[in-house]
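In the UniProt record's numbering, the protein residues as written are 1 to 131.
Glycine is no exception: its CB is placed at the ideal position from the N, C-alpha and C atoms.
Being a predicted model, the structure only gives us computed values, none of them experimental.
Working notes for the structure below.
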């Protein structure tokens, strides 16, 4: 945090903002990845478990992490580039959200076997077993 505050003093505020937002994206990605791996472990668990995959919870935690990243770092972002710094952080974190959210939704589609619904209605039960 202290290093980021040096960038404006060196007349490098835009670079400082990029570095700091990249750090925030990595933090959000790390948390989301850990949550996604836990979700995947639950889906492919060989041992029966009482815990069920919580796709909605996984998405909710992703959204909360992004909101918290912006709220908790608002002062630093504003110090670096004012309102533009906050807007830039939101845009960059939205890209991370799109990427991770898509990954979670794809896993959900696989889990619920929605692929079957999009197949031809002429398929037999034997055809569906290969998926």
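Membership of residue 103 in the alpha helix (DSSP H) is indicated by the continuous run 83 to 112.
In this chain, residue 49 is not harboured by any alpha helix (DSSP H), its DSSP state being neither H nor E. Between the stretch 74 to 94 and the stretch 36 to 52, the count of Cβ pairs shorter than 8 Å is below three; the stretches do not touch. Contact check for residue 100 and residue 62: beta-carbon distance about 6 Å, within the 8 Å limit, so the pair qualifies. Bounds of any alpha helix (DSSP H) do not take in residue 54, whose DSSP letter is neither H nor E.
In terms of Cβ geometry, residue 44 and residue 108 do not form a close pair [threshold 8 Å].
With respect to residue 96, residue 29 sits close: the two C-beta atoms are nearer than 8 Å. Of 48, 103, 110, the smallest CA-CA separation from residue 58 is found for 103. In this structure, the alpha-carbon of residue 46 lies about 41 Å from that of residue 20. Contact check for residue 89 and residue 70: beta-carbon distance about 6 Å, within the 8 Å limit, so the pair qualifies. Counting every other CB atom within 10 Å of its CB across the protein chains shown gives residue 26 a total below 16, marking it as exposed.
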